[in-house]
Structure formats: structure tokens, C-alpha cells
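**Q** Got a structure for you, written out below as C-alpha cells; questions coming shortly.
Number of protein chains: 2
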Amino acid sequence: MDNPPTHPRIKSLKERSLLVQGLREGIVAEAGLIAHGRGEAFDYLLGEKTTPEAVKAVKAAVYALQRASNPVISVNGNSTALQAREIVELSNTLDAKIEVNLFHKSQEREEKIKQKLLQQGADKVYGVGEDASERIPDLESNRGKVDPRGIGSSDVVLVMLEDGDRTEALKALGKKVIAVDLNPLSRTAQKADITIVDNIIRALPELIKAAEKKQKKEKYNNKENLKQTLEKMRAGI
Amino acid sequence: MDNPPTHPRIKSLKERSLLVQGLREGIVAEAGLIAHGRGEAFDYLLGEKTTPEAVKAVKAAVYALQRASNPVISVNGNSTALQAREIVELSNTLDAKIEVNLFHKSQEREEKIKQKLLQQGADKVYGVGEDASERIPDLESNRGKVDPRGIGSSDVVLVMLEDGDRTEALKALGKKVIAVDLNPLSRTAQKADITIVDNIIRALPELIKAAEKKQKKEKYNNKENLKQTLEKMRAGI
């Protein structure tokens, strides 16, 4: 993309370029670009900053991930296009698996996402093609498939930029769900156990930083945290 | 796109499909998909409904367009992908010209947009290729080109889903600018003389309906109207 360098929104335009590049590489779905735009608008209302509420949620998230027996980081095209290196770093720091899960499923795209993550140093990437052999009940056939060694047997799942249906299905299976989602009103944000309302570009580095220390149990109320975030957004309009 | 029919956001997913189809046809730019998503989020805060404030702005807009000596409707890839037929109908009803103006300029895309509008019954489409021979000052070379028979000599311009830079440049040239923009805080929304905060999917039919009658002069205050719209969005969070 040919972005005029004098444009006042150059930072956000650069982020967009990463997504467009991801589309051209076959990592990002076309609808993923639209979903990114949706997130951008909420980020704009947040002032494009990590809130103290998000930091609190990050710490609670890392505490849960550090105590999990089989923590899994669920990734898609957008999260890989924007933060592949950071996803691998977080997975190494937490000793958490990485599983590919796409809303618009395509084995070709899964493979490309896997390759990109392997290039960034991932040991293994779950959920690609036939590896996702286990059905999640209550979801359309294709979207409901997970890897039995990954999400299938996980107790804590970190989802980023996820669809509400899938979040609900994971909850119904008894998983603890941690979500990174810029829309505090989305079903994902509302249904998750811990919701980090932040741009993943900022949230992943925060998660890595928190994961480098052993987190202690702190009082954390997701509903309350979301309410406070909403107040900030309202003030941002 | 393969949208699960049981998905609760099926209406918005269908709108997305039109954009993705537009991308595949070469009408929509990749960045246009992201911009659409941004709009979606603001529409969500509006409750995906046309507000009384938007109706008021539509009437003021049509009054200005009906009194203009050379009214021009500026279109881009997204507006054409979503509302080509309605754009042509509005142009016929108002006897207004249609001019193509792209943020990510490409003559190939301009031609495709023109063809799509001609197929929908437009008599003539301005601003394509060499026809856009006049420079707007203060804008990067490519983006600043307009058609001297269209926007170049227009007194009132209707822009939809437009970039803030261009809106400011049009204002600096002394044009009256009417904008359709879902973000009431955008520079376009703030700088325009009349801002219709609505999804173009609903705003175009409203504009056509209003254009079928001779509009009378009514009191209209854009700042006040935007303020009331912002109040509604705040309540939507």
C-alpha cells in the first residue's frame, strides 16, 4: 500500500499494511481485514493506549496460564500477521502450546500460518488440517474442530480476536477462556473468564512482560473490570 | 465467503461479503475492507439504525444539493461495492454528476468502478484517469487530482466514507461539503458543512427519498446535530 507519509494516521495505516501483506501472503482472510477495522474503531475510543484495567486483566491472565496444566494459545490469521514473533515468545515463556483456529477455515491458510509461526521459532503448531480431529459440540462442523492434544485437552485457552460463538463453545466445554478483544461488549469479551480489552499489538508485549515473573493471586473481577473499561470508552467518545 | 447461516451477526456478515466480492472484482481496495470494519463498529454503537439527527442532516443535505449549480457525488470503491444502484439513482434524481475519487489511486480500479456505475445506468462518470487533470493544492500529487468538469468546478460535493485530508482540501477550495460518515469524531465529520452520521446502506435510500421532494430551508446546525449523535453513541456503549 502506498500510504502518504504526511497522513496524520500513519501509525494505524502501517498496522493496516501488515494485515494487507498478510492477505497477500495468504495468511489473513479478507473478512479478517474488516474485523481488524472494527477493532481499530474501539481502539480509537480507548485512545490507543493500554488501560490500567487491561494491565490488571493481563496479570490475572498470566496467573491462570502459569497454573494451567495444558495452556493453549489459539491463533488466527490476524494475530499471526500482526504478532507472530510475540506469540512464539509468549508460548515459550509460558510453556503453552500454539493452536491454529480459523473462523473462515482453509487448510491452505492453516499451513501458511503454521509456517510463519515455525519461521518465528515455534517448536510445534497444533490444529492444522487432520490434526484438528475433535469436534466441539454446538458449532458448525468445520469451525468446531480442535486438536485433541491442544485445545481438546486444554484447561486454559488464550483467544485473540475470536468469534463469540467459539468462545461460548469453549466455555460450554468447561475451559477457562482468556480473551484479548477490543470490543468490551462483544460476546467474547462478555463470556470470557478474563477479558483483556486492548490492541494485541500492545497486549502481547504486556503478556510477555507479565509472564517473565511468577504472578501471585490477586483479587480480580472481570465484570467490574469490563465496566470500568466501558466508562473509559464512553469518555473517549 | 462461507458464512455460517446460524451466526447471530449474519446481516453484517452479508454486508462484508459484498465488500469482499468488490475486492475480488478489483473495485474495492484491501484497505477499504479495514475502513469498512471501522465504520461497522460505529454503526454498532448507533444500534445500526438511522437516527432522527441523520434524517435532519439528510434533509439539509438535499436542500443544499438541490440549490447547487454543479453538485457532484464523489464515489470510491466501498461506496460503489455497497450502493452502486442507489448512487446512480440519487445522481439522476438530483441531476448531480458522479466522480470517482480514490484514496489508494489506481487507474485500473477507477475504470472498474466506472464500468460498474455505467452498468447500473449512470450516463457519465467523471474523474477517471486523465480526466482528473486538475490539482487540489495541499494534497499529495496523486490524491489531489480532480476532474475540472466535476469536483473542480463544483459548488457542493457529497462525499461518502472519505478521508479527512481530502475533506479539508475540498473545504479549503471553498466547496460546500456534505459527508456521510459513521464516525462523528472523524476529521471528515467535523470539517464537513453537513454530516450525515449513518451507514451508507441506509443513508443513500434516505437521500433518494428526500431528493424526490423539493426540500425547504430549515434551521440546521451541524455542530449541534453531531453533539446529539455523540450522546446517542455514548448511550450505546
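Heads up: the sequence lines are chains A and B, in that order. Residue -1 in our numbering sits at position 7 of the first sequence; the count goes up by one each step and never skips. Residue 161 in our numbering sits at position 169 of the second sequence; the count goes up by one each step and never skips. Even for Gly, the Cβ is constructed at its ideal location relative to N, Cα and C. All figures in this text were calculated on a predicted structure; none of them were measured in a lab.
Residues of the segment 18 to 32 of chain A in Cβ contact with chain B at a cutoff of 7 Å, in chain order, please.
**A** Glu22, Ala23, Leu25, Ile26, Ala27, His28, Gly29, Arg30 and Glu32
**Q** Identify whether A/Ala124 lies in helix, strand or coil by the three-state DSSP scheme.
**A** Here A/Ala124 sits in coil by DSSP.
**Q** Our contact map puts B/Thr85 next to B/Glu204 with C-beta atoms below 8 Å; I'd like the distance itself, whole angstroms only.
**A** 6 Å
**Q** Distance, Cα to Cα, B/Glu160 vs A/Arg30?
**A** 25 Å
**Q** Which same chain residues, not among the five before or five after A/Met225, have their C-beta less than 8 Å away from its C-beta?
**A** Phe34, Leu37, Leu38 and Pro176
**Q** Within a Cβ cutoff of 6 Å, which residues of the same chain sit near A/Ala195, ignoring the five residues on either side of it in sequence?
**A** Val172 and Ile188
**Q** Classify A/Asp(-6): buried if its beta carbon has 16 or more other beta carbons within 10 angstroms, exposed otherwise.
**A** Reliability of the predicted coordinates at A/Asp(-6) is poor, the pLDDT of 49 falling under 50, and no value is obtained from them.
**Q** Express the C-alpha separation of B/Glu216 and A/Pro44 in angstroms, rounding to a whole number.
**A** 33 Å
**Q** What residue ranges within the segment 46 to 89 of chain A form continuous alpha helix (DSSP H) runs of no fewer than 4 residues, ordered along the chain?
**A** 69 to 86
**Q** Can you grab the Cα-Cα spacing for the pair A/Thr156 / A/Lys163, in whole Å?
**A** According to the sequence as given, residue 156 of chain A is Gly; it is not Thr. About 11 Å.
**Q** So A/Ile192 contacts chain B; which residues on that side make the cut at Cβ distance below 9 Å?
**A** Near A/Ile192 there are no residues of chain B at all, since even the closest Cβ is about 15 Å away, more than 9 Å.
**Q** Quick check: what's the CA-CA separation for B/Val64 versus A/Ala76?
**A** 45 Å
**Q** Excluding sequence positions up to five away, which residues of its chain have a Cβ less than 6 Å from the Cβ of B/Ile170?
**A** Ala53, Leu150 and Ile186
**Q** Which residues of chain A have a Cβ atom closer than 8 Å to the Cβ of B/Val54, listed in chain order?
**A** Chain A residues near B/Val54: none, gap ~28 Å exceeds 8 Å.
**Q** Would you please verify whether the beta carbon of B/Leu222 is less than 8 Å from any beta carbon of chain A?
**A** yes
**Q** Could you tell me which of A/Thr72, A/Glu198, A/Thr42 and A/Ser145 sits nearest to A/Leu25, measuring between CA atoms?
**A** A/Thr72
**Q** For B/Leu150, name the three-state secondary structure that DSSP assigns.
**A** B/Leu150 falls in the strand class under three-state DSSP.
**Q** In the DSSP assignment, the alpha helix (DSSP H) including B/Thr159 goes from what residue to what residue?
**A** Gly156 to Ala164
**Q** Spell out the partners DSSP gives B/Ile186 in its beta bridges.
**A** DSSP, once it has assigned bridges, lists B/Ile170 as partnering B/Ile186.
**Q** Could you check the C-alpha separation between A/Gln107 and A/Lys116 for me, to the nearest Å?
**A** If you draw a straight line from the Cα of A/Gln107 to the Cα of A/Lys116, it is about 10 Å long.
**Q** Compare the C-beta of B/Leu10 with all C-beta atoms of chain A and state if any pair is closer than 8 Å.
**A** no
**Q** So which residues of chain B does A/Leu15 contact, with C-beta pairs closer than 8 Å?
**A** Glu22
**Q** Is A/Arg226 close to chain B? Criterion is C-beta to C-beta, closer than 8 Å.
**A** A/Arg226 counts as touching chain B.
**Q** Does the beta-carbon of B/Ala124 have 16 or more other beta-carbons within 10 angstroms, so that it is buried, or is it exposed?
**A** Buried, since its Cβ has 16 or more Cβ neighbours within 10 Å.
**Q** Out of A/Glu22, A/Gly113 and A/Asn70, point me to the one whose CA is closest to A/Val92's CA.
**A** A/Asn70
**Q** Relative to the C-alpha of B/Glu57, which candidate in B/Gly119, B/Ala202 and B/Asn213 has its C-alpha closest?
**A** Looking at the sequence shown, residue 57 of chain B is not Glu but Leu. Selected option, being the one with the closest Cα: B/Ala202.
**Q** Considering only the alpha carbon of each residue, which of A/Ile229, A/Leu174, A/Arg16 and A/Phe95 lies closest to A/Ala49?
**A** The candidate whose alpha carbon is nearest that of A/Ala49 is A/Leu174.
**Q** Among B/Lys208, B/Ser61, B/Ile79 and B/Gln112, whose alpha-carbon lies nearest the alpha-carbon of B/Asn68?
**A** B/Ile79
**Q** Distance, Cα to Cα, A/Ile90 vs B/Leu109?
**A** 46 Å
**Q** Can the beta-carbon of A/Ala27 be found less than 8 Å from the beta-carbon of B/Val12?
**A** no
**Q** With a threshold of 8 Å between beta carbons, is A/Ile229 in contact with chain B?
**A** yes
**Q** Following the continuous alpha helix (DSSP H) through B/Tyr36, name the residue where it begins and the one where it ends.
**A** Glu22 to Leu37
**Q** Could you compute how far the alpha carbon of B/Ser9 sits from the alpha carbon of B/Glu40?
**A** 18 Å
**Q** State the beta-bridge partners of B/Tyr118 as determined by DSSP.
**A** B/Glu91
**Q** Relative to the C-alpha of B/Arg59, which candidate in B/Leu218, B/Asn213 and B/Ser146 has its C-alpha closest?
**A** B/Ser146
**Q** For A/Val148, which option in A/Ser61, A/Glu102, A/Ala21 and A/Glu7 has the closest C-alpha, if you only look at C-alpha atoms?
**A** Checking every option, the nearest Cα to that of A/Val148 belongs to A/Ser61.
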